[in-house]
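Everything on this sheet refers to the single structure shown next.
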Amino acid sequence: MQKPMPFHFYGSRRVSSQSGLSLVELLIAMALGLLLTLGVTQIYLSSSMTYRQAQGLAHAQESSRFVSAVLTPELRSAGSFGCLARMARPLDQVVDNRLNGALIVPLTQALQGWEYTGTGLNDSITLAGTLATPGAGNWDSSTAGTNLPASLAGSVVTNSDVVIINALTPIGVPVNATNPQNGNSINLTGNSGVDVDRVIVATRGDCSEGELFQKSNNANASSITMAGANINPGNNGNTFNLSYDSQARVYEFTTMAYYIGQGTNAEPALFRRLMTPLQAPQELVSGVETLQILYGVNTTGTSAADNYVTADQVANWDSVVSVRFSVMTRSPDEVLDTENSRSFNMLGSEVAQANSGDRRARLVSVGTIALREKIQ
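For the sequence shown, the positions run 13 to 388 when the numbering used here is used.
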């Protein structure tokens, strides 16, 4: 007899007809993702622009600080001739100038400036869109009228004032006490550290007399040797007119010019140039568009300035007791949202930008420095 087949029971399973997202859900997700991406991008672009503006402004501020750090000590020490200035006699009567030819700025003066035509008090200045270096006749110095030194013509850009400073720097190596002088050399206890061809002032121990001359030996020599006439400018003779003992004092004498010129990257920059002997210009700070200078003159016999005037209004450079300078610095790149077409007040001159402005960040800084030798 055949056995009956067993019954088997199977559970039922519901199969869904949808897997993944619907079209509406996908569109909503894409829209939300796009909005989020746009928001993040906007934040990034805004932060990037803010960073670039802050960086450009910081660059302009740093340039201003560097200009001040360079000019302040140089102006403060202008005419600081140590004990020579206290001999109650004009400096050219104390120091015998042995150089061939006159100095650009007389030994008796601490400094001298040159004013670019049309950049004085109450003048309106428009900065040049393309840097140019006009002829020396575009500058004037003192009420008698003196053109810019020919050696600077072709180096200084339009609208920049110029100042040339006389100063002494003591050589930090003592005179050799056992053998202070040997022929046309003043012997030291170590290397002088003064480059070849530089100008030297040597004085007797009591500063009653001295000589200004050009040296001929290198910085690693342990002596200061007077040059002859075979270098530029050279000396009128190569032997001392004075004798120097162990108390003698030796200084490096510098006549340094400061001005705005065209830098290696075609940007305006602060330059300095040693004038005697004439050396190649040195670029110091890039992005400095213009330099404006006023001179504080003392006409009442006090140590303070009674009035500030431009270089072409100074009647007597010995009356200058302080210097006020202003510089305009700019960012290296265009970082602003819109063109910066504003004008700036620089020591009483209204300075406008070239081509009605650009998108660079700009700053104007001002400094006033008293000449140390004039306030003692």
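For every residue, glycine included, the Cβ atom is placed at its ideal position computed from N, Cα and C.
Quiz item: Helix, strand or coil: which one does DSSP assign to Ser-234?
Solution: coil
Self-check item: Residues near Ala-90 in its chain [Cβ-Cβ closer than 7 Å; skip 5 each side]
Solution: Ala-122, Leu-123, Ile-177, Asn-178, Ala-179, Leu-383
Quiz item: So, using beta-carbon positions, are Thr-237 and Ile-272 closer together than 8 Å?
Solution: no
Quiz prompt | Cut-off 7 Å between Cβ atoms - residues of its own chain near Gly-94, not counting five sequence neighbours on either side | solution = Leu-180
Self-check item: alpha helix (DSSP H) runs contained entirely in the region 100-168, provided each spans 4 or more residues
Solution: 103-106
Self-check item: Met-268 and Ser-163 closer than 8 Å at C-beta
Solution: no
Quiz prompt | DSSP beta-bridge partners of Arg-374 | solution = Arg-342
Quiz item: The beta strand (DSSP E) spanning Arg-261 covers which residue range?
Solution: 261-274
Quiz item: Counting only beta-carbon atoms, is Ser-163 nearer than 8 Å to chain E?
Solution: The chain labelled as chain E is not found in the depicted structure, where only one protein chain is given.
Quiz prompt | Close beta carbons around Ala-97, own chain, < 8 Å, minus the five adjacent residues each side | solution = Gly-91, Leu-103, Glu-385
Practice problem: Count the other C-beta atoms from every protein chain shown that fall within 10 angstroms of the C-beta of Ala-66, then say buried if there are 16 or more, exposed otherwise. | Solution: exposed
Exercise. Taking 8 Å as the cut-off, decide whether the C-beta atoms of Ala-366 and Thr-138 are in contact.
Key: yes
Self-check item: Counted within 10 angstroms of its Cβ, other Cβ atoms place Ile-387 as buried (16 or more) or exposed
Solution: exposed
Quiz item: Should Gln-294 be labelled buried (16 or more other beta-carbon atoms within 10 Å of its own) or exposed?
Solution: exposed
Self-check item: N-terminal and C-terminal residue of the beta strand (DSSP E) that Glu-295 is part of
Solution: 294-298
Quiz item: Given a threshold of 16 other Cβ atoms within 10 Å of its Cβ, counted over all protein chains shown, does Pro-280 qualify as buried or as exposed?
Solution: buried
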